[in-house]
Structure formats: C-alpha cells, structure tokens
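Line by line, the protein sequences give chains A and B. If you read the first sequence in the numbering used here, its first letter stands for residue 15, the second for the next number, and so on. If you read the second sequence in the numbering used here, its first letter stands for residue 15, the second for the next number, and so on. Backbone N, C-alpha and C fix where the C-beta goes; we use that ideal spot for every residue, glycine too. Fair warning: this is a prediction, and the values are worked out from it, not measured in the lab. First comes the structure, then the notes that go with it.
Number of protein chains: 2
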Amino acid sequence: MSGHLEQIRLDSYKPLRELVCEHIREAIINGVFAPGERLMEIQMADEMGVSRTPVREAIRKLEMEGFVVMIPRRGTYVSNMSIKDINDVYEIRISLDTLAAGLAAERISDEELEELQRLLVKVGNAIEENDMTKVVEADIEFHDVLYKASRNERLRNIINNLREQITVIRGVSMRYPGRLKDTQEEHRRLVESIAARDVEKSQEMARIHLENAERTLMAAMSERKD
Amino acid sequence: MSGHLEQIRLDSYKPLRELVCEHIREAIINGVFAPGERLMEIQMADEMGVSRTPVREAIRKLEMEGFVVMIPRRGTYVSNMSIKDINDVYEIRISLDTLAAGLAAERISDEELEELQRLLVKVGNAIEENDMTKVVEADIEFHDVLYKASRNERLRNIINNLREQITVIRGVSMRYPGRLKDTQEEHRRLVESIAARDVEKSQEMARIHLENAERTLMAAMSERKD
DNA sequence: GTAAAGAATGTTGTATACAGTATTATTTTT
DNA sequence: AAAAATAATACTGTATACAACATTCTTTAC
Chain A
15 MSGHLEQIRL DSYKPLRELV CEHIREAIIN GVFAPGERLM EIQMADEMGV
65 SRTPVREAIR KLEMEGFVVM IPRRGTYVSN MSIKDINDVY EIRISLDTLA
115 AGLAAERISD EELEELQRLL VKVGNAIEEN DMTKVVEADI EFHDVLYKAS
165 RNERLRNIIN NLREQITVIR GVSMRYPGRL KDTQEEHRRL VESIAARDVE
215 KSQEMARIHL ENAERTLMAA MSERKD
Chain B
15 MSGHLEQIRL DSYKPLRELV CEHIREAIIN GVFAPGERLM EIQMADEMGV
65 SRTPVREAIR KLEMEGFVVM IPRRGTYVSN MSIKDINDVY EIRISLDTLA
115 AGLAAERISD EELEELQRLL VKVGNAIEEN DMTKVVEADI EFHDVLYKAS
165 RNERLRNIIN NLREQITVIR GVSMRYPGRL KDTQEEHRRL VESIAARDVE
215 KSQEMARIHL ENAERTLMAA MSERKD
C-alpha cells in the first residue's frame with residue numbers, strides 16, 4: 015500500500031502537475047495500482063514529495079482520460095476495464111484508425127513515409143530479438159508518425175488517449191502466440207497501401223488490423239479468466 | 015473586462031469546480047469571452063465569488079476539452095477556432111456520427127425510438143415558431159437520445175465534446191437560409207432508417223447530414239468574412 | 001446478542017498565502 | 001531620441017491550512 019510511487023524530480027521544465035500525471039498514469043498502466051484500488055491524494059503527494067495541489071490537478075486530468083473515476087466526497091478509484099469497455103474502445107478505434115489511415119494516405123510527406131518504413135523495420139527487429147520493451151516503444155513511435163501524418167491533431171489526441179486506456183491489457187494480446195508476427199504483417203501492408211497513396215486500401219488495411227487486434231485481445235482475455 | 019461572469023450559486027450538490035467549469039464554458043460558447051482573450055484566474059474567481067482553486071481545476075478541464083489553451087507560466091487563453099480546426103472536427107465527427115447512427119440502428123429500444131420521433135416533432139415545431147433557443151435545446155436533446163442509443167458511453171462523450179467545441183459558430187450555420195429545413199429533413203430520414211433497423215442506410219444518412227452541415231458552415235463562414 | 005446512534009478519525013473540497021517568473025514601465029546610457 | 005537594462009507589478013505554480021462530509025468503530029439500549 016506504500017512505496018508505490020517514486021519521488022518526482024524537477025529536471026525538465028514541465029509543470030509539476032504534468033509530471034505527477036504521467037507518473038500516476040504509468041503506475042496505473044504498469045499495474046502498480048490495481049483496477050478498483052483507491053487512490054488517496056495525501057498519500058500519493060507524500061510518496062512523490064509534492065503537495066496535494068499538483069496531485070489533485072493530475073487526478074482531474076486522469077479522470078478525463080478515463081484512467082480513474084471520481085466519486086464526489088468519496089474519493090478516486092482506478093478504473094477497471096470491463097469487456098464492455100474494451101469493446102467500446104475498439105468500436106471507436108476501428109472508425110478513427112480507418113479515418114486516420116485514409117487521411118495519412120492522402121497527406122503523408124515523403125520524409126514521414128521513410129520514417130514509417132524505418133520504424134517498421136525497427137519493430138521487426140525488436141520482435142526478432144524478442145525484446146518486448148523495445149517492441150512497445152517502437153510500436154508507439156510507429157503509430158505516432160502515422161497519426162501525425164493524418165494532419166489532424168484532434169484525431170491524433172483522441173486516438174492516443176484511447177490507445178493509452180487499453181495499454182493496461184495490451185500486454186495480454188502481445189503475448190498471444192503468433193500475434194506479433196501477424197501485427198507486423200498487417201502494419202507492412204498498411205504502409206504499403208499508404209506508400210501507394212491508395213486511400214481505400216489503406217482504410218481497409220487499418221480496419222482489418224484493428225479488428226484482428228480486438229479479436230486477439232478478446233480471445234486472450236477470455237482464456238486468462240482463470 | 016469585468017462583470018462577465020455571474021456569481022455562482024451552490025444549489026445542487028455538484029463540486030464547485032463543475033459549476034465553475036460549466037459557467038466558463040457557457041461564457042465562451044456564448045461569446046462572452048472572445049477567442050484569443052486572456053482568462054485570468056483571480057479575476058474570474060472574484061467575479062464568481064469563489065477562490066482560485068476550483069477555477070484552476072475548471073480551467074484544466076476546459077483545456078482538455080479544447081476550449082482554452084494554457085501556456086505554462088504565461089496564462090490561459092480562449093481557443094480560437096480556425097477553418098482548419100472546424101475541418102478537423104468535422105472529419106472526426108463524420109466518422110463517429112456514422113458509427114453512432116449504425117450502432118443506434120442495431121441497439122435502440124422501442125421507447126428510445128418513440129422519444130426520438132417525439133423530439134423530431136419538437137424540433138420541427140420550434141423551427142415553425144422560429145424559436146432559435148427552443149431549436150437548439152430540442153436539437154441537443156435529439157442528438158443525446160441518438161448517441162445514448164449507440165450504447166457506447168465513450169463514443170457519446172467524445173461526440174458531445176466535439177459538438178460543444180463548434181457550438182460557438184454553429185449559430186452561424188443555423189441562420190443560413192434554408193439550412194434548418196434541410197436539417198429537419200435529414201434528421202427525419204435518419205430516424206426513418208434507424209426505425210427500419212437499417213444499419214447501412216442509417217450510416218449513410220448520418221454521413222450525408224454531417225457533410226451537409228459542414229458544407230453549410232463553411233459557406234456561411236466564408237460569406238461572413240466581412 | 002444485535003442493532004442503532006453517536007463520536008472519532010480520516011479524506012476530500014475549498015480558501016489563502018507565498019514563491020517564482022513573465023511582462024511592462026521607467027530610467028539611464030549611448 | 002532610441003535602445004537596453006533594471007525595477008516594479010501582476011500573474012501563475014505550489015504549498016498549506018481549514019472546513020465539511022463520509023466512514024468506521026464504539027457504546028448504549030432494547
């Protein structure tokens with residue numbers, strides 16, 4: 015119940031609330047705080063060596079991002095993702111990722127396209143090496159370039175937020191036999207379609223990719239129900 | 015520069031920050047605060063008769079909702095919507111409203127369907143009476159029932175947020191000659207498709223509706239550039 | 001023995017105080 | 001006179017203090 019969070023350092027010049035927010039978000043994503051667990055302001059503030067003010071502001075942000083739920087005068091609790099929640103997220107993401115892929119096919123620059131291909135290789139290497147941390151890292155980079163190429167900042171923010179919300183359980187599907195290889199192949203085809211500036215096909219590839227990702231995740235989760 | 019905001023009353027039991035947030039949001043939507051205008055915490059707190067704490071928390075929320083931009087150590091400014099921003103919002107909304115309409119066609123209950131048809135009439139009456147306040151009110155109700163029927167709370171939140179972000183300028187398109195009548199007809203067809211549980215057609219109707227709305231808004235805005 | 005009521009404890013909600021930084025105005029120097 | 005530097009002012013960022021409310025435990029009454 016204690017020693018969950020590391021002390022905050024003020025190295026970069028971000029407001030404290032941002033650092034605190036990222037800190038808590040990561041702790042939730044990494045399972046340091048279990049779903050449903052109560053988060054107490056004073057305790058977290060003490061552990062991170064800051065006052066309650068930035069902690070409160072961080073919690074407000076996390077609430078909007080869907081990581082925690084606040085009950086007035088009762089407290090803050092870590093959200094627990096139900097099957098329904100995951101379904102809801104994927105329903106939206108199938109729409110938005112399809113949109114983003116189509117826009118990217120129209121708007122991506124040659125430099126970004128090269129970057130995308132470079133990151134595809136990077137993810138591939140990480141998979142070969144079986145280095146999960148590197149896979150996750152490169153995968154995030156890959157998607158970020160893709161969403162940036164849509165030239166729609168709001169879209170990028172919404173998708174990234176949805177992605178983060180299911181990060182907690184994405185690890186489950188990553189460990190699903192063969193899923194990484196499939197993902198890589200799906201990404202490859204998507205990039206191929208975008209490189210060909212084929213809007214329709216890019217959209218279809220994105221949709222297929224997301225639908226597969228959801229299917230695997232669902233399968234992995236129901237298997238894990240032990 | 016002063017007297018912009020009314021005093022806050024604590025009638026219901028919502029946290030102060032929520033009341034303050036709604037207050038400021040409405041002031042922005044109603045043009046009380048001009049786009050680009052600087053918002054100062056102490057001043058707003060004084061005007062509403064509360065302390066800075068709930069005001070700060072409200073501003074954080076409005077920042078995430080896209081109504082204001084914060085520059086660290088500089089202050090908060092009301093976002094100003096560019097043509098690009100409107101384009102971005104509609105790009106996303108065309109996707110999400112299409113999704114929502116399709117889901118609603120699958121999942122709506124008979125009671126909700128009746129409610130939808132009732133609200134359609136209500137909007138129609140308001141248009142006949144040329145009562146803009148009533149039109150807006152009924153329109154919001156109509157869409158809320160529709161989004162609820164999608165049975166995807168996240169989707170509903172995201173769309174509602176996007177809707178609010180462009181509320182500031184939606185009045186412009188409402189006053190566009192003939193647009194209200196067209197809107198009504200488009201809504202009617204959408205409800206018809208949903209009532210028939212025709213997913214494909216509902217999606218198409220929603221897409222057409224949104225595309226028309228965007229087109230009108232763009233036309234109205236460029237005409238207003240005087 | 002059990003249930004209800006009250007008191008004590010702890011946590012959230014709000015206010016305020018203080019510190020640090022950005023901006024603006026004034027003064028000095030070129 | 002114009003530009004630069006410095007000082008003053010004002011706002012944001014953070015900390016802390018206080019009040020209100022929820023929860024839990026203890027005590028009392030039936």
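Return the chain-ordered list of same chain residues with a C-beta closer than 8 angstroms to the C-beta of residue i, the five sequence neighbours on each side being excluded.
{"i": "R121/B", "result": "A163, S164, R165"}
{"i": "L169/A", "result": "L110, L113, A114, L117, Y161"}
{"i": "Q131/A", "result": "V205, A209"}
{"i": "D212/A", "result": "A119"}
{"i": "R66/B", "result": "E55, I56, A59"}
{"i": "I85/B", "result": "Y91"}
{"i": "E199/A", "result": "none"}
Use the C-beta contact count for residue i: other C-beta atoms within 10 angstroms, 16 or more gives buried, fewer gives exposed.
{"i": "T230/B", "result": "buried"}
{"i": "M54/A", "result": "exposed"}
{"i": "K28/A", "result": "exposed"}
{"i": "I56/A", "result": "exposed"}
{"i": "P5/A", "result": "Since the displayed chain A opens at 15 and closes at 240, residue 5/A lies outside it and no answer follows."}
{"i": "A59/A", "result": "buried"}
{"i": "D145/B", "result": "exposed"}
{"i": "S187/B", "result": "buried"}
{"i": "V64/A", "result": "buried"}
{"i": "A48/B", "result": "exposed"}
{"i": "T5/A", "result": "Outside the displayed span of chain A (15 to 240) sits residue 5/A, for which this structure offers no information."}
{"i": "S207/B", "result": "buried"}
{"i": "V135/A", "result": "exposed"}
{"i": "R193/B", "result": "buried"}
{"i": "S216/B", "result": "buried"}
{"i": "D124/A", "result": "exposed"}
{"i": "I141/A", "result": "buried"}
{"i": "R31/B", "result": "buried"}
{"i": "G17/A", "result": "Note that G17/A scores 41 on pLDDT, short of 50, meaning its location in the model is unreliable; the coordinates nonetheless yield the value given after this. Under this definition G17/A is an exposed residue."}
List the DSSP bridge partners of residue i.
{"i": "T90/A", "result": "L53/A, M84/A"}
Throw me the rounded Cβ distance for the residue i and residue j pair, which I believe falls under 8 angstroms.
{"i": "E225/B", "j": "I108/B", "result": "6 angstroms"}
{"i": "E126/A", "j": "V92/A", "result": "Contact flag wrong, Cβ pair sits at about 36 angstroms."}
{"i": "G45/A", "j": "V182/A", "result": "7 angstroms"}
{"i": "I106/B", "j": "L176/B", "result": "6 angstroms"}
{"i": "R74/A", "j": "E71/B", "result": "6 angstroms"}
{"i": "M235/A", "j": "I97/A", "result": "7 angstroms"}
{"i": "M95/A", "j": "I180/A", "result": "7 angstroms"}
{"i": "E167/A", "j": "D102/B", "result": "7 angstroms"}
Residues in its own chain within less than 7 angstroms of residue i by CB, not counting five upstream and five downstream?
{"i": "Y104/B", "result": "L224, E228"}
{"i": "E155/B", "result": "L133"}
{"i": "R203/B", "result": "M219"}
{"i": "M15/B", "result": "A caution first: M15/B carries a pLDDT of 37, below 50, which makes its placement in the model too unreliable to give a value."}
{"i": "D99/A", "result": "none"}
{"i": "A152/B", "result": "L133, K136, V137, A140"}
Between residue i and the rest of its own chain, which residues show a CB-CB distance below 6 angstroms, the 5 nearest in sequence each way excluded?
{"i": "N139/B", "result": "none"}
{"i": "E51/A", "result": "V92"}
{"i": "C35/A", "result": "A72, K75"}
{"i": "A233/A", "result": "none"}
{"i": "N174/A", "result": "none"}
{"i": "E129/B", "result": "V159"}
{"i": "Y190/B", "result": "T230, A234"}
Quiz item: For the 8 angstroms Cβ check, are there 3 or more pairs between the stretch 63-82 of chain A and the stretch 70-80 of chain B?
Solution: yes
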